[in-house]
Amino acid sequence: MGRILAIDYGRKRTGIAVTDTLKIVATALATIPTHTLIDWLKKYIASEPVELIVVGEPKRLDNTPSESMQYIKPFLKHLAKEIPDIPVVMWDERFTSTIAHRSLIDSGAKRSTRQNKEIIDGMAATIILNDYLQSKNFTI
C-alpha cells in the first residue's frame with residue numbers, strides 16, 4: 043500500500059504532507075524551496091511508495107481559479123512528464139494557510155513560530171491532505 047502525498051505549492055516554498063501507508067494519519071513532511079520540488083519528489087518516491095499526489099488548488103470565493111494557478115499549471119505539466127506513473131488530483135485549498143495560522147494561535151504558539159512561513163506551508167499541506175482523506179472516507 044502506498045502513501046498519499048499532498049503539495050501546497052508556492053512560488054518560493056512548497057509545503058509537503060504525507061499519509062502513513064494505511065492512509066489514516068496525515069503529517070507535515072517538509073517545506074522545501076520550490077525550485078527543488080521535482081527532484082525532491084523523485085528522491086522521496088524512490089524510497090517510499092506513493093500511490094497518489096494531491097495538489098492544492100487555489101480558488102477564489104466565487105469558485106474560479108486564483109491568480110496562483112498560472113504558476114501551478116506549468117508545475118503540473120512538468121510533474122506529469124517527470125513522474126508519469128503516479129496520478130495527480132487537485133484539491134481545493136481555500137483558507138488552508140489561514141486555518142494553519144489560526145491553529146498556531148489557538149495552540150498558544152509563540153509569535154516567532156506563528157510567523158515562520160515554513161511551518162505554515164507544512165501545516166497547510168497537512169490540512170489539504172486531511173480534507174482530501176475525509177472526503178474519501180479514508181480516515182476513521
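Residue numbers (my numbering): 43 to 182.
From the three backbone atoms N, C-alpha and C, an ideal C-beta is built for every residue, glycine too.
Taking only three categories from DSSP, how would you classify M111?
Within the sequence shown, numbered from 1, the residue matching residue 111 stands at position 69. In the structure shown, M111 sits in a helix (DSSP, three-state: H, G or I).
Run the CB neighbour count on D173, radius 10 Å, all protein chains shown included, and call it buried at 16 or more, exposed below.
Within the sequence shown, numbered from 1, the residue matching residue 173 stands at position 131. The residue is buried, with at least 16 neighbouring Cβ atoms inside 10 Å.
With 16 as the cutoff for other CB atoms within 10 Å, does T78 come out buried or exposed?
In the sequence shown, the residue the question calls residue 78 occupies position 36. Result: exposed.
Is the stretch 99-113 touching the stretch 60-69, taking contact as three or more C-beta pairs under 8 Å?
Segments in contact, no.
Less than 8 Å between the beta carbons of I80 and L47, yes or no?
Along the sequence shown, one-based indexing puts residue 80 at 38. Along the sequence shown, one-based indexing puts residue 47 at 5. No, the pair does not count as a contact, with Cβ atoms beyond the cut-off.
I need the boundaries of the beta strand (DSSP E) containing L83, first residue and last residue.
To locate residue 83, count along the sequence shown from 1; it is residue 41. From DSSP, L83 is part of no beta strand (DSSP E) but of the alpha helix (DSSP H) over 79-89.
By a C-beta neighbour count over all protein chains shown, 10 Å radius and 16 as the cutoff for buried, is E135 buried or exposed?
In the sequence shown, the residue the question calls residue 135 occupies position 93. By the 10 Å Cβ count, E135 comes out buried.
Which of the three DSSP states, helix, strand or coil, is assigned to D134?
Your numbering for residue 134 matches position 92 in the sequence shown. Three-state DSSP puts D134 in a strand.
Given this structure, state the Cα-to-Cα distance separating N179 from W133, to the nearest angstrom.
The sequence position of residue 179 within the sequence shown is 137, counting from 1. The sequence position of residue 133 within the sequence shown is 91, counting from 1. Whole-angstrom Cα-Cα distance: 15 Å.
Figure out for me which residue from I125, T106, P107 has the closest Cα to the Cα of W82.
Along the sequence shown, read from residue 1 onward, the residue named residue 82 stands at position 40. It is I125.
Residues bridged to I95 by DSSP?
On the sequence shown, residue 95 is found 53 positions in, with the first residue counted as 1. The partner list for I95 (beta bridge, DSSP) reads L47, V130.
Report the CB separation of T76 from R53 in whole angstroms; it is logged as a contact under 8 Å.
Taking the sequence shown and counting its residues from 1, one reaches residue 76 at position 34. Taking the sequence shown and counting its residues from 1, one reaches residue 53 at position 11. Yes, T76 and R53 are in contact; Cβ-Cβ is about 6 Å, under 8 Å.
The beta strand (DSSP E) that contains P75, what's its start and end?
Taking the first residue of the sequence shown as position 1, residue 75 is located at position 33. Per DSSP, P75 belongs to the beta strand (DSSP E) from 68-75.
Residue range of the beta strand (DSSP E) that R55 falls in?
Translated into positions along the sequence shown, residue 55 becomes position 13. Looking at the DSSP string, the run of the beta strand (DSSP E) that includes R55 is 55-61.
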